[in-house]
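Numbering-wise (this note's numbering), the sequence shown opens with residue 2 and increments by one. Remarks on the structure that follows.
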Amino acid sequence: MVTHVPAEARGDERGALLAFVEAQRGGLRRTLLGLTEEQAASRPSASELSLSGLLKHVAECELSWLRMAQERPNEKQREESTWHESFVLVGDETVPQMLAFWDAVAKETEEFIHAVPSLDDTFPLPPAPWFPKDGRVSMRWMLLHLIEEFGRHAGHADIVRESLDGKTAFELVALANA
Numbered sequence: 002m003v004t005h006v007p008a009e010a011r012g013d014e015r016g017a018l019l020a021f022v023e024a025q026r027g028g029l030r031r032t033l034l035g036l037t038e039e040q041a042a043s044r045p046s047a048s049e050l051s052l053s054g055l056l057k058h059v060a061e062c063e064l065s066w067l068r069m070a071q072e073r074p075n076e077k078q079r080e081e082s083t084w085h086e087s088f089v090l091v092g093d094e095t096v097p098q099m100l101a102f103w104d105a106v107a108k109e110t111e112e113f114i115h116a117v118p119s120l121d122d123t124f125p126l127p128p129a130p131w132f133p134k135d136g137r138v139s140m141r142w143m144l145l146h147l148i149e150e151f152g153r154h155a156g157h158a159d160i161v162r163e164s165l166d167g168k169t170a171f172e173l174v175a176l177a178n179a
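Shown next as structure tokens:
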């Protein structure tokens, strides 16, 4: 769902990128408006994706990229045996808890990006078959990647939500603004 992202102040590349990241976060958050925990966890299609699972995944994904950029250990690091838990709420996890967790991660991301000396600063990519050996990416690249990641999953979430109750992204924007 396209919503208006305010123009940045002249030359404020950080602000512009962060505004687009937040716009994509909003697209996914809105898909959860007015749903019960059961509805948010349901899978109304052949896909195994649920809205609460997508929420958890993107929150953990952002944390993962933030910790890589900070070159700090990720307290929510997944391994092969727990990877599936990044797409489903487990134990006593709830949608409000996941939204609060993501809000905290988002705040930390924004503070970090405003504090780095340059968006050209780089950090190493972890060893993985899909990353180049000894690869590095910039802070700018990370923000663009978050926009891509959140946009992809917001689109998934739009389809899941519409399959649940017929509400479209336009209706959810109106509901959020009511």
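A virtual CB, placed ideally from N, CA and C, is assigned to each residue, including glycine. From a predicted model like this one, the values you see are computed outputs, not experimental measurements.
Of Thr32, Val117, Phe113, the smallest CA-CA separation from Val161 is found for Thr32. Secondary structure at Phe124: strand, using DSSP grouped into helix, strand and coil. CA-CA distance, Arg68 to Ala175, rounds to 35 Å. Around the CB of Ala10, fewer than 16 other CB atoms lie within 10 Å, so the residue is classed as exposed. In the structure shown, the three-state DSSP call for Val138 is strand. When the alpha-carbon of Ser119 is set against those of Met140, Gln40, Ala158, Glu63, the nearest one is in Met140. Under the three-state reduction of DSSP, Arg30 is assigned to helix. Within the same chain, Cβ atoms closer than 6 Å to the Cβ of Gly152 are found at Gln25, the five residues on either side in sequence being excluded. Excluding residues up to 5 positions away in sequence, Ile160, Val161, Ser164 lie with their Cβ nearer than 8 Å to the Cβ of Ser46 in the same chain. In the three-state DSSP reduction, Val174 falls in the helix class (H, G or I). In the three-state DSSP reduction, Gln78 falls in the coil class, being neither helix nor strand.
Between Thr83 and Glu38, the gap from beta carbon to beta carbon reaches 9 Å or more. Thr110 sits buried, since 16 or more C-beta atoms from the chains shown fall within 10 Å of its C-beta.
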